[in-house]
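In the numbering used here, the protein residues as written are 187 to 298. C-beta atoms are modelled at their ideal positions from N, C-alpha and C, and glycine is treated no differently. Note that the coordinates shown come from a computational prediction; the quantities given were computed from them, not determined experimentally. What follows is one structure encoded as structure tokens, with my remarks underneath.
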């Protein structure tokens, strides 16, 4: 891992996967973190474990935008708009593989 002063760093895993990581939080409490170009089984396993331990929401701007959680109880804590128009219903995943498969699922094409 190499960290830059602006909250950007590259994350590498032994299986060749990893991601560019963005976090604007410099204090002890991280409120948000973003990943760009994620890949590798180890990355998605780690992302799943992070979301599971912190009861976090995994959100990505696909078409339509999508949301995943690791526990059904987290669904009750989602703010308005995370299940409304334009954002698909939150999906409960049980592993890094399920999370990866949901993120990269084939999207149905909408008619214009």
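- The Cβ atoms of residue 285 and residue 230 sit closer than 8 Å to each other.
- Counting other Cβ atoms within 10 Å of its Cβ, residue 262 stays below 16 and is therefore classed as exposed.
- Cβ-Cβ separation between residue 254 and residue 279: approximately 5 Å, consistent with a contact (criterion under 8 Å).
- Bridge pairing for residue 253: 245 [DSSP].
- DSSP places residue 201 in no alpha helix (DSSP H); its state is neither H nor E.
- Check the Cα spacing between residue 227 and each of 289, 290, 291, 282: the tightest is with 282.
- In the DSSP assignment, residue 278 forms a beta bridge with 255.
- The three-state reading of DSSP puts residue 207 in strand, counting E and B together.
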